[in-house]
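K.L.:
Going by my numbering, the first residue of the sequence shown is number 256, and it counts up by one from there.
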Amino acid sequence: MKLSKKSRYGITALIDLSINSKSGHVSLSSIAERNDISPQYLEQVFAGLRRYGIVKSIKGAQGGYLLNKPAEKIAVGEIIEALDGTYRIEDDVTGNEEEERVADRIIQESVIDIINDQLDNVLLNITLADLEKDYLEYNATDDQMYYI
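(1) When the distance is taken between beta carbons, is Ala-326 closer than 7 Å to Ser-273?
(2) Can you tell me the Cα-Cα spacing of Ile-370 and Val-377, whole angstroms?
(3) Which residues mark the beginning and the end of the alpha helix (DSSP H) in which Lys-233 is found?
(4) How would you label Gly-318, buried or exposed, when you count the other beta carbons within 10 angstroms and need 16 or more for buried?
(5) Going straight from the alpha carbon of Leu-283 to that of Ser-312, what length do you get?
(6) Given Arg-343, which residues of its chain have a CB within under 8 Å of its CB, disregarding the five upstream and five downstream residues?
(7) Quick one, are the C-beta atoms of Ile-334 and Gly-279 less than 7 Å apart?
(8) Does DSSP classify Leu-322 as helix, strand or coil?
(9) Can you tell me whether Ser-312 is helix, strand or coil according to DSSP?
(10) Report the residue from Asp-359, Ser-365, Val-331 and Ser-259 whose alpha carbon sits nearest the alpha carbon of Asn-380.
(11) Would Ile-309 and Thr-382 qualify as a contact pair, given that the criterion is a beta-carbon distance under 7 Å?
(12) How many whole angstroms separate the CB atoms of Leu-304 and Ser-276, which I take to be in contact at a CB cut-off of 8 Å?
(13) In terms of alpha-carbon separation, which member of Ala-268, Arg-306 and Val-357 lies closest to Glu-387?
(14) Please name the residue, chosen from Asp-291, Val-281, Ser-365 and Ala-384, that lies closest to Ala-477 on a Cα-to-Cα basis.
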């Protein structure tokens, strides 16, 4: 599985939004600037996140974005699905058991279903709050480094 640029930028921008929206809405331009992401591309990313109900927009000259629910309730898998569709492996078998070969069924049950279960286990159990915490801890550690 490869994480698309759209999902990577979306997750990055949501970490930024989660950190910086504690005192109110955040403009897309400020998120784009802090993370070196094209504002136009970020608008497309946030359109998908808004349609999926992950963020909400505040209209007007002083507008911006807020998370639509707590970061603890936003799973990484949900973000990826909002931006790229399903992350699960989809098999191309017909679904017709009469036509389906035994090998196809074994591949589905012994490989694809197990991989999908593991993907769900990881991507639906890591939340935006987890990523925010890791980000803040990493930056706190980096700030304490001394360079000679």
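Each residue gets a CB set at the ideal place from its N, CA and C atoms; glycine is no exception.
For clarity, every value in this text was computed on a predicted model and none was experimentally measured.
P.N.:
Once the coordinates are examined:
(1) Ser-273 places its beta carbon less than 7 Å from that of Ala-326.
(2) Straight-line Cα distance between these residues: approximately 11 Å.
(3) Since the displayed the chain opens at 256 and closes at 403, residue 233 lies outside it and no answer follows.
(4) Taking every protein chain shown into account, the CB of Gly-318 has fewer than 16 other CB atoms within 10 angstroms, so this residue is exposed.
(5) In a straight line, the C-alpha of Leu-283 is about 10 Å away from that of Ser-312.
(6) Closer than 8 Å at the Cβ level, and outside the excluded window around Arg-343, lie Asn-371, Leu-374 and Asp-375.
(7) Note that the C-beta distance between Ile-334 and Gly-279 is not below 7 Å.
(8) Strand.
(9) In the three-state DSSP reduction, Ser-312 falls in the strand class (E or B).
(10) Of Asp-359, Ser-365, Val-331 and Ser-259, the residue nearest in Cα terms is Val-331.
(11) Against a cut-off of 7 Å, the Cβ pair of Thr-382 and Ile-309 comes out as no contact.
(12) Contact doesn't hold; Cβ gap of about 13 Å is too wide.
(13) Closest by alpha carbon: Ala-268.
(14) Because residue 477 is not part of the residues shown, which for the chain are 256 to 403, the question remains open.
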